[in-house]
Amino acid sequence: MPEPLSQETISREIAELAARSDGGDHPSRDYPPYRSSGLRHPHRPLVAPPEAYAELRGPVFGVSDVTPLDADLTRQHAGEPLGERITVTGRVTDRDGRPVRGQLVEVWQANASGRYPHLRDQHPAPLDPNFSGTGRCLTDADGRYAFTTIKPGAYPWKNHVNAWRPAHIHFSVFGTAFAQRLVTQMYFPGDPLFPYDPILQSVTDDKARERLVAAYDHELSRPEWSLGYRWDIVLDGPSATWMEEGR
Amino acid sequence: MRPTPSQTVGPFYGYALPFRGGGDLVPPGRPGAVAVHGHVYDGAGDPVPDALLEFWQADEAGNLDGKPGSTRRDEVDGSFAGRDGVTFTGFARVATDLDGHWTLHTVRPGGPPYIAVCVFARGLLHHLYTRVYLEDAGDALLTSLPADRRATLVAAPERDGVYRFDIRLQGEGETVFLDLG
Ligand SMILES: [Fe+3]
Numbered sequence: 000m001p002e003p004l005s006q007e008t009i010s011r012e013i014a015e016l017a018a019r020s021d022g023g024d025h026p027s028r029d030y031p032p033y034r035s036s037g038l039r040h041p042h043r044p045l046v047a048p049p050e051a052y053a054e055l056r057g058p059v060f061g062v063s064d065v066t067p068l069d070a071d072l073t074r075q076h077a078g079e080p081l082g083e084r085i086t087v088t089g090r091v092t093d094r095d096g097r098p099v100r101g102q103l104v105e106v107w108q109a110n111a112s113g114r115y116p117h118l119r120d121q122h123p124a125p126l127d128p129n130f131s132g133t134g135r136c137l138t139d140a141d142g143r144y145a146f147t148t149i150k151p152g153a154y155p156w157k158n159h160v161n162a163w164r165p166a167h168i169h170f171s172v173f174g175t176a177f178a179q180r181l182v183t184q185m186y187f188p189g190d191p192l193f194p195y196d197p198i199l200q201s202v203t204d205d206k207a208r209e210r211l212v213a214a215y216d217h218e219l220s221r222p223e224w225s226l227g228y229r230w231d232i233v234l235d236g237p238s239a240t241w242m243e244e245g246r
Numbered sequence: 000m001r002p003t004p005s006q007t008v009g010p011f012y013g014y015a016l017p018f019r020g021g022g023d024l025v026p027p028g029r030p031g032a033v034a035v036h037g038h039v040y041d042g043a044g045d046p047v048p049d050a051l052l053e054f055w056q057a058d059e060a061g062n063l064d065g066k067p068g069s070t071r072r073d074e075v076d077g078s079f080a081g082r083d084g085v086t087f088t089g090f091a092r093v094a095t096d097l098d099g100h101w102t103l104h105t106v107r108p109g110g111p112p113y114i115a116v117c118v119f120a121r122g123l124l125h126h127l128y129t130r131v132y133l134e135d136a137g138d139a140l141l142t143s144l145p146a147d148r149r150a151t152l153v154a155a156p157e158r159d160g161v162y163r164f165d166i167r168l169q170g171e172g173e174t175v176f177l178d179l180g
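Here the protein sequences come in this chain order: D and L.
Each residue of the first sequence is one higher than the one before, counting from 0 in numbering that gives the first Met the number 0.
Each residue of the second sequence is one higher than the one before, counting from 0 in numbering that gives the first Met the number 0.
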């Protein structure tokens, strides 16, 4: 019988790969401490196409694609969800700082106890009948998005023995080009689980990893109501505008 | 500005990202419609039941402007209403089923002769891009590739209006994935 995989082993692998960080912005798809990546990353190098057309343009969304209530995850059921009410807001821009306007931002997260309403999540923490944990909105003319939700809980997963995910909100973001697509996770400042988590640590560059952590912003907190977090998103990849400008 | 790093879509996106009719860019069976379907496989040749595929393409006339309405909401109860059945939005999203299988109902793209694909999965820390060509268009990308690799981007006709396109994430027959810079 194989030895159970310990945090010690995973932490050693994380440290070894951090020491060899290439300073890249994105995780390597081949990141052994995250065991599920083993059979799910290509072995061959990616191919730069001589020409790209469709990828430099992208899907568009409009007012019919969202309802105003979609951005408030605390108002999707008859009662109020349990947990610490928070707002999360920020701007979506391209690498030149230009706002990404009118684009779809989708979020999903565990409830305050660290449980997803998904059949495959069998973590023995309570489901909350008043919280589904999905939200959507369109960015405004300044590229800004905003969600009202509750702070998600940490949860265990089976990567190794005693593996726990730091609290996080999953984000899906569209740019103006399909090549700017981003799916990522936002974390909360000061979480003690950061060093143990191979998914966060797959971003081996310290500065890049810090960009995944929201800032608590007291100005955004609302008296007697909610705590405010700010998290800006910068999309990578080319768009038609970039190419026209000869980048 | 430095970009926000990617993170895996994880295992539990299923109640958040897929939407009703997500794979039906046109109603199935519409005259001129084609079905493209296949499996996603991992490096052991096993199907990937928790992958999410997104598709983006020009309409039949080659128009790449796209249209809103892919994730149209019902204003009464807030559920996904589905596309309106006449507007071609250009964007589709399909989660693989427990067999690792997916299906897209669409039309042949005019203009650039391919459907752009973005692949997400649990275990995949950063999405991958590829292309579905409904026939070997001999464009600059295809002609730049050796024959065996080129074949991974061309859908195989199965019967009238039905094409097969498997995505292999790793190993033998590995799909060509794109570096879009
Ligand atoms: Fe999660």
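Glycine included, every Cβ here is placed at the ideal spot set by N, Cα and C.
If you're wondering where the values come from, they're calculated on a predicted model, not measured in any experiment.
When every heavy atom of ligand 1 is checked, does at least one fall within less than 7 Å of the C-beta of residue i?
{"i": "F146(D)", "result": "no"}
{"i": "R259(D)", "result": "Residue 259(D) is absent from the model: chain D starts at 0 and stops at 246."}
{"i": "H169(D)", "result": "yes"}
{"i": "F11(L)", "result": "yes"}
Once the 5 residues before and after residue i are set aside, which same chain residues still bring their CB inside 6 Å of it?
{"i": "S20(D)", "result": "T203 and D204"}
{"i": "V161(L)", "result": "A34"}
{"i": "D139(D)", "result": "none"}
{"i": "R143(D)", "result": "R90"}
{"i": "Y30(D)", "result": "S36 and S201"}
{"i": "D73(L)", "result": "A80"}
{"i": "F212(D)", "result": "According to the sequence displayed, residue 212(D) carries Val and not Phe. These residues qualify, in order along the chain: Y186 and P188."}
{"i": "R246(D)", "result": "Confidence at R246(D) is low in this model, with a pLDDT of 44, below 50, so its placement is unreliable and the value that follows should be read with caution. Cβ neighbours of R246(D) beyond the five flanking positions: none."}
Which same chain residues end up closer than 7 Å to residue i when comparing Cβ atoms and leaving out the 5 residues on each side of it in sequence?
{"i": "A60(L)", "result": "G109"}
{"i": "P3(D)", "result": "V160"}
{"i": "L144(L)", "result": "V175"}
{"i": "G65(L)", "result": "T88, G89 and F90"}
{"i": "V99(D)", "result": "V91, T92, D93, T138, G142, G174, T175 and L234"}
{"i": "E157(L)", "result": "R163"}
{"i": "G22(D)", "result": "D204"}
{"i": "D138(L)", "result": "P112"}
Cβ of residue i versus every heavy atom of ligand 3: is any distance shorter than 7 Å?
{"i": "A109(D)", "result": "This structure does not include ligand 3; its bound ligands are ligand 1."}
Quick check on residue i - is its C-beta less than 8 Å from some C-beta in chain D?
{"i": "W55(L)", "result": "yes"}
{"i": "D58(L)", "result": "no"}
{"i": "R107(L)", "result": "no"}
{"i": "T151(L)", "result": "no"}
{"i": "V175(L)", "result": "yes"}
{"i": "L52(L)", "result": "no"}
So residue i is in the beta strand (DSSP E); what residue range does that whole segment cover?
{"i": "L248(D)", "result": "This structure leaves residue 248(D) out entirely; chain D is present only between 0 and 246."}
{"i": "L55(D)", "result": "No beta strand (DSSP E) contains L55(D), which DSSP labels as neither H nor E."}
{"i": "Y144(D)", "result": "R143 to I149"}
At the 8 Å Cβ level, is residue i part of the contact set with chain L, yes or no?
{"i": "T88(D)", "result": "no"}
{"i": "L72(D)", "result": "no"}
{"i": "W163(D)", "result": "no"}
{"i": "P98(D)", "result": "no"}
{"i": "Y33(D)", "result": "yes"}
{"i": "W107(D)", "result": "yes"}
{"i": "P80(D)", "result": "no"}
{"i": "V104(D)", "result": "no"}
{"i": "H122(D)", "result": "no"}
{"i": "G245(D)", "result": "Residue placement at G245(D) is poorly supported in this model, since its pLDDT is 47, which falls under 50; the coordinates still yield a value, given next. So no, G245(D) is outside the interface."}
{"i": "A51(D)", "result": "yes"}
{"i": "A47(D)", "result": "yes"}
{"i": "T240(D)", "result": "no"}
{"i": "P237(D)", "result": "yes"}
Quick one: give me the first and last residue of the alpha helix (DSSP H) that residue i is part of.
{"i": "R142(L)", "result": "For the sequence presented, residue 142(L) should be read as Thr rather than Arg. Looking at the DSSP string, the run of the alpha helix (DSSP H) that includes T142(L) is A139 to T142."}
{"i": "D147(L)", "result": "A146 to R149"}
{"i": "D205(D)", "result": "D205 to E209"}
{"i": "S10(D)", "result": "Q6 to A18"}
{"i": "P197(D)", "result": "P197 to Q200"}
Return the chain-ordered list of same chain residues with a C-beta closer than 8 Å to the C-beta of residue i, the five sequence neighbours on each side being excluded.
{"i": "A239(D)", "result": "L55, R56, T175 and A176"}
{"i": "G99(L)", "result": "H38, V39, Y40, D45, P46, V47, P48 and A50"}
{"i": "R92(L)", "result": "L16, P17, F18, G21, G22, L51, L52, E53, F54 and S69"}
{"i": "P128(D)", "result": "H76 and G78"}
(request) Taking only beta carbons into account, state which residues of the region 201-212 of chain D come closer than 8 Å to chain L, listed in chain order. (result) Taking 8 Å as the Cβ-Cβ cut-off against chain L, the residues of the region 201-212 of chain D that qualify are S201, V202, K206, A207, R208, R210 and L211.
(message) Give me the subset of the region 174-204 of chain D whose CB atoms are less than 8 Å from a CB atom of chain L, sorted by chain position.
(response) Along the region 174-204 of chain D, the positions whose C-beta sits under 8 Å from a C-beta of chain L are F177, A178, R180, L181, V182, T183, Q184, I198, L199, S201 and V202, read in chain order.
(message) Counting only Cβ-Cβ distances shorter than 8 Å, please list the residues of the region 1-19 of chain D near chain L, keeping chain order.
(response) Of all residues in the region 1-19 of chain D, none places a beta-carbon less than 8 Å from a beta-carbon of chain L.
(request) Mind checking the region 128-145 of chain D against chain L and listing, in chain order, the residues whose C-beta falls within less than 8 Å of any C-beta there? (result) Those would be S131, G132, T133 and R135, in chain order.
(request) Closer than 7 Å, Cβ to Cβ, to anything on chain D: give me those residues from the region 7-22 of chain L, in chain order. (result) Under the 7 Å Cβ criterion, the region 7-22 of chain L contributes T7, V8, G9, P10, F11, Y12, G13, Y14, A15 and L16.
(request) Below 9 Å between beta carbons is the criterion; list the residues of the region 23-42 of chain L that meet it against any residue of chain D, in chain order. (result) Residues of the region 23-42 of chain L that bring their beta carbon within less than 9 Å of a beta carbon in chain D comprise D41 and G42, in sequence order.
(request) Identify each residue in the region 74-98 of chain L for which the Cβ-Cβ distance to at least one residue of chain D is less than 8 Å, and report them in chain order. (result) Of all residues in the region 74-98 of chain L, only E74, G77, T88, G89 and F90 come within less than 8 Å of chain D when Cβ atoms are compared, listed by chain position.
(request) Report the residues of the region 114-135 of chain L with a CB closer than 9 Å to any CB of chain D, ordered along the chain. (result) Of all residues in the region 114-135 of chain L, I114, A115, C117, F119, A120, R121, G122, L123, L124, H125, H126, L127, Y128 and R130 have a Cβ within less than 9 Å of some Cβ in chain D.
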